[in-house]
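Before any comments, here is the structure.
In the working numbering, the protein residues as written are 66 to 584.
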């Protein structure tokens, strides 16, 4: 299929081609892999999971992976039918009511913006470890040295990613591809080098190190808390769908890219962490619950080689922020061209020179930096937000999963063949069971993520009730505020903006009923 054919298919779905359609198979895969970024997530949260459940925390990884891979299979099927920018929002629009479509897109954008801030903070975890020259604020011992320096490093990273994004998707793809290659090489090197230093067998994953107080209920609770590592890492693969309108032949390439990204990240992350547990000198070392993987790498491989590999992890974090910002901008663009955001005409405008949605790209950056600045005086806030915000994405995913299941059960889900009669990716008779597992994973994820545990959301003094219950409060405020905005303001403004409509007939504002009929 040619780029012109892709544009014609997009026109049958109601939109003009405005974005730069240049991404190939590897670039699409790289988008998904860099958004998940196992090095970012594992290096950021290994200590957290190990501190709760000891080595056995790794048993939760394959459970979450199976559930999320089932969701990825559903997303792959949807991406083959609806290759829109905006992924979750766009798919919900075709499956559910206008309200649920708006909520799915809105929740995803909020989650992505906070994630940009949360991931950028990880540079503070690594760069001063590589060299003290990266500690620009104080000497690292002051009360706010860590959080203050995190703002400097995180903001620098966000500004760099914003500039790259504004220069066009070709540069984004180039930087992203290089970063993913570096990350894959680092994973392979880490796996190989750690394998040369193993000191115990894989049965280490059945050791608890006394976690959970020695009781079965206590250890179950510890495992549930430790599973937040996998839940915080194995998501955001919908970002591949967000760049569908910039991918050549997306109905074929996007589904494969989604599945490859999740499978590669899932298997690679498991093997990496397993070998880290097998190779570390002292499996009961306190540093495993404080530093985590950076400690394992430097203690096992030596200071020089360990820090060299940490440079690769730093690059992986950079492209992760770049990919998430790209996905958030496309999600905002997709909603705005349907007139579903304030100042939609302005937000949805695409630069004729770079073919990039400029306003949402800058907006994501500004919001993320503001979150970082707030974090200076409230160092635990970014941890609370980063831990909780994933629940918003899981809610958005649930909207998609449940809506798709309803269509399946009603016999209304019938994937269409292309012009040559060939069917694109489809689950066929496996659709319902796979869909059910994906929904079950989503429900479990929402409950587990929002559970107000002080040891998760407010683990260190000063202790505040609003930090422990921050997830519940934020969920009520964000979901309730979004619902109120839609019913009071947004539902009266739905309709494709003329600049983006494939035909003049689609450009007028639509009522909720006529919009549903059009879709």
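Note that beta-carbon positions come from the ideal geometry of N, C-alpha and C, so glycine has one too.
According to DSSP, is residue i helix, strand or coil?
i, result
"residue 488", "strand"
"residue 425", "helix"
"residue 78", "coil"
"residue 72", "helix"
"residue 415", "strand"
"residue 350", "coil"
"residue 288", "helix"
"residue 312", "strand"
"residue 84", "coil"
"residue 433", "helix"
"residue 566", "strand"
"residue 156", "helix"
"residue 297", "helix"
"residue 206", "coil"
"residue 161", "coil"
"residue 494", "helix"
"residue 472", "helix"
"residue 403", "coil"
"residue 553", "helix"
"residue 181", "helix"
"residue 214", "helix"
"residue 143", "helix"
So, residue i versus residue j, is the Cβ gap smaller than 8 Å?
i, j, result
"residue 241", "residue 96", "yes"
"residue 267", "residue 338", "no"
"residue 322", "residue 140", "no"
"residue 454", "residue 114", "no"
"residue 438", "residue 153", "no"
"residue 521", "residue 293", "yes"
"residue 126", "residue 335", "yes"
"residue 159", "residue 147", "yes"
"residue 151", "residue 400", "yes"
"residue 420", "residue 233", "yes"
"residue 219", "residue 202", "no"
"residue 161", "residue 397", "no"
"residue 330", "residue 361", "no"
"residue 149", "residue 291", "no"
"residue 456", "residue 541", "no"
"residue 56", "residue 563", "Within the shown structure, residues of the chain are numbered from 66 to 584, placing residue 56 beyond reach of any answer."
"residue 357", "residue 108", "yes"
Is residue i buried or exposed, if buried means 16 or more other CB atoms sit within 10 Å of its CB?
i, result
"residue 347", "exposed"
"residue 70", "exposed"
"residue 555", "buried"
"residue 318", "buried"
"residue 519", "exposed"
"residue 549", "exposed"
"residue 253", "exposed"
"residue 83", "buried"
"residue 207", "exposed"
"residue 243", "exposed"
"residue 386", "buried"
"residue 265", "exposed"
"residue 327", "buried"
"residue 531", "exposed"
"residue 163", "buried"
"residue 579", "Note that residue 579 scores a pLDDT of 34, beneath 50, so its modelled location is shaky and nothing firm can be said."
My understanding is that residue i touches residue j, with C-beta atoms under 8 Å, so please give their C-beta distance in whole angstroms.
i, j, result
"residue 145", "residue 157", "Actually they are not in contact, since the Cβ atoms of residue 145 and residue 157 sit about 16 Å apart, beyond 8 Å."
"residue 436", "residue 182", "4 Å"
"residue 509", "residue 320", "Not really, about 25 Å apart at Cβ, beyond 8 Å."
"residue 501", "residue 470", "7 Å"
"residue 536", "residue 462", "17 Å between Cβ atoms; not a contact."
"residue 503", "residue 143", "With a Cβ gap of about 12 Å, residue 503 and residue 143 do not count as contacting."
"residue 304", "residue 394", "Contact doesn't hold; Cβ gap of about 11 Å is too wide."
"residue 222", "residue 185", "5 Å"
If we ignore side chains and look at the alpha-carbon of each, how far apart do residue i and residue j end up?
i, j, result
"residue 112", "residue 190", "12 Å"
"residue 582", "residue 498", "Confidence is the limiting factor: at residue 582 the pLDDT is only 32, short of 50, which leaves the residue's position unreliable and the question unanswerable from this model."
"residue 271", "residue 188", "32 Å"
"residue 80", "residue 73", "9 Å"
"residue 576", "residue 557", "For residue 576, the predicted model reports a pLDDT of 36, less than 50, meaning its position is unreliable; a value from the coordinates is still stated below. Taking the straight line from one Cα to the other gives about 7 Å."
"residue 408", "residue 197", "44 Å"
"residue 388", "residue 103", "14 Å"
"residue 87", "residue 313", "6 Å"
"residue 565", "residue 413", "9 Å"
"residue 76", "residue 427", "28 Å"
"residue 365", "residue 384", "27 Å"
"residue 528", "residue 277", "22 Å"
"residue 333", "residue 105", "13 Å"
"residue 517", "residue 538", "10 Å"
"residue 85", "residue 224", "22 Å"
"residue 231", "residue 430", "11 Å"
"residue 262", "residue 155", "48 Å"
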